[in-house]
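Enquirer:
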Amino acid sequence: SSKLADALDVEKEPVEVRDRYGRGTPNLQADGGPKLLDNFLVARRLIEAGVRCVTLCFSRWDWHGGNFKRGREDMPMLDQAVTALVEDLDQRGMLDDISVVVWGEFGRTPKINTNAGRDHWPQVSCGLLAGGGLRTGQAIGTTNRLGEYAETRPIHFQEVFATLYHQLGINVDELTLPDLQGRPRFLVDHNTYRPMPELV
């Protein structure tokens, strides 16, 4: 629709808003996404245009080498864009209705490898949730001193999904979707994983 096409045009935003989000670079990062900070602004504009769910990929986080250099390059940009998005949504009165989720699929090894990088480490990871009517402004769970494993309040990814579904008004005790064989499947293992009481 023309409304959707219009939402993709960040040139229609005031320059001070674009400066707040930052620009980044459109260049692809190997098998990752571009470092294009305008995408965070596009996400806000798409939500305003009526899009229900927006996913974006920023940069490439598979740092098996050059961890410290890449971190100094990418983390400040991600921090700027996520902060701008959350503040922008809040200033527009939209934050309570929109969940912002910053999350990867696994963590990185606590030990630095010989290439000054970190390898895959599914034992522990982290995520950031903002808005969506959640009780935010808190850190939930801790790791041991070396970041090797969860020490207090381990959180399963299904708890996060159950929490997000709950905030969307989806009852994970009742709703099922058919799998490829047509069998009904619950969205999460609802007998084990519930919405996080710390957040809802």
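The opening residue of the sequence shown carries number 47 in the numbering used here; numbering runs sequentially from there.
Where a beta carbon is used, it is the ideal one built from N, C-alpha and C, also for glycine.
Report the residue ranges of all beta strand (DSSP E) runs contained in full by the region 134–182; include only those spanning at least 3 residues, in chain order.
Expert: Whole beta strand (DSSP E) segments, 3+ residues: 145–149 and 173–177.
Enquirer: Determine the burial state of Val132: buried for a count of at least 16 other Cβ atoms within 10 Å of its Cβ, exposed for fewer.
Expert: Here residue 132 refers to the residue found at position 86 of the sequence shown. Looking at its Cβ environment, which holds 16 or more other Cβ atoms inside 10 Å, Val132 is buried.
Enquirer: Of all the options Leu174, Arg164 and Gly178, which has the alpha carbon lying nearest to the alpha carbon of Ile186?
Expert: Taking the sequence shown and counting its residues from 1, the one referred to as residue 186 is at position 140. Nearest of Leu174, Arg164 and Gly178 to Ile186, Cα basis: Leu174.
Enquirer: Is DSSP giving Pro72 helix, strand or coil here?
Expert: Numbered from 1 along the sequence shown, position 26 holds the residue referred to as residue 72. Correct three-state label for Pro72: coil.
Enquirer: Contact defined as beta carbons within less than 8 angstroms: I believe Asp142 pairs with Gly177. What is the distance between those atoms, to the nearest angstrom?
Expert: Position 96 of the sequence shown holds residue 142. Position 131 of the sequence shown holds residue 177. Yes, they are in contact, since the Cβ atoms of Asp142 and Gly177 sit about 7 angstroms apart, within 8 angstroms.
Enquirer: Counting contacts by CB-CB distance shorter than 8 angstroms, is Cys99 in contact with chain C?
Expert: Annotation note: the requested chain C is absent from the structure, which comprises a single protein chain.
Enquirer: Can you check which of these residues, Val147, Phe207, His110 and Asp52, is closest to Ala127 by C-alpha distance?
Expert: What you label residue 127 is simply residue 81 of the sequence shown in a count that begins at 1. Ranking the options by Cα distance to Ala127, first place goes to Val147.
Enquirer: So Arg231 packs on Thr222, CB below 8 angstroms; how close in whole Å?
Expert: The count along the sequence shown starts at 1 and reaches residue 231 at position 185. The count along the sequence shown starts at 1 and reaches residue 222 at position 176. Rounded, the Cβ-Cβ distance is 6 angstroms, consistent with contact.
Enquirer: To the nearest angstrom, report how far apart Leu135 and Glu205 are at their CA atoms.
Expert: As a first step, residue 135 is located in the sequence shown; it is residue number 89 there, counting from the start. As a first step, residue 205 is located in the sequence shown; it is residue number 159 there, counting from the start. About 25 angstroms.
Enquirer: Might you give, ordered along the chain, the residues of its own chain that have their beta carbon closer than 8 angstroms to the beta carbon of Val29, omitting 5 neighbours on each side?
Expert: No statement about residue 29 is possible, as the shown extent of the chain runs from 47 to 246 and does not include it.
Enquirer: Give me the Cα-Cα distance between Ala162 and Arg118, rounded to the nearest whole angstrom.
Expert: Locating residue 162 in the sequence shown gives position 116, counting from the first residue. Locating residue 118 in the sequence shown gives position 72, counting from the first residue. About 13 angstroms.
Enquirer: Can you name the start and end residues of the beta strand (DSSP E) that Thr198 belongs to?
Expert: Here residue 198 is taken as the residue at index 152 of the sequence shown, counted from 1. First-last of the beta strand (DSSP E) with Thr198: Ala196 to Thr198.
Enquirer: Confirm the yes/no value for this check: CB of His110, any heavy atom of the ligand ZN, distance under 7 angstroms.
Expert: With respect to the ligand ZN, the structure offers nothing, as it holds no ligand at all.
Enquirer: Of the choices Lys58, Leu50 and Leu87, whose alpha-carbon is the least far from that of Thr129?
Expert: Position 83 of the sequence shown, counted from the start, is the residue given in the question as residue 129. Looking at the Cα atoms, Leu87 is the closest of the given residues.
Enquirer: How many angstroms separate the CA atom of Glu220 from the CA atom of Met242?
Expert: Residue 220 sits at position 174 when you count from the first residue of the sequence shown. Residue 242 sits at position 196 when you count from the first residue of the sequence shown. If you take the alpha carbons of Glu220 and Met242, they lie about 18 angstroms apart.
Enquirer: In chain order, what are the residue ranges of uninterrupted alpha helix (DSSP H) at least 4 long that sit wholly in the region 72–120?
Expert: DSSP runs (the alpha helix (DSSP H)) wholly in the region 72–120: 84–94.
Enquirer: Relative to the alpha-carbon of Leu180, which residue among Ala89, Thr101 and Glu244 has its alpha-carbon at the smallest distance?
Expert: Locating residue 180 in the sequence shown gives position 134, where the first residue counts as 1. Out of Ala89, Thr101 and Glu244, Glu244 has the C-alpha closest to the C-alpha of Leu180.
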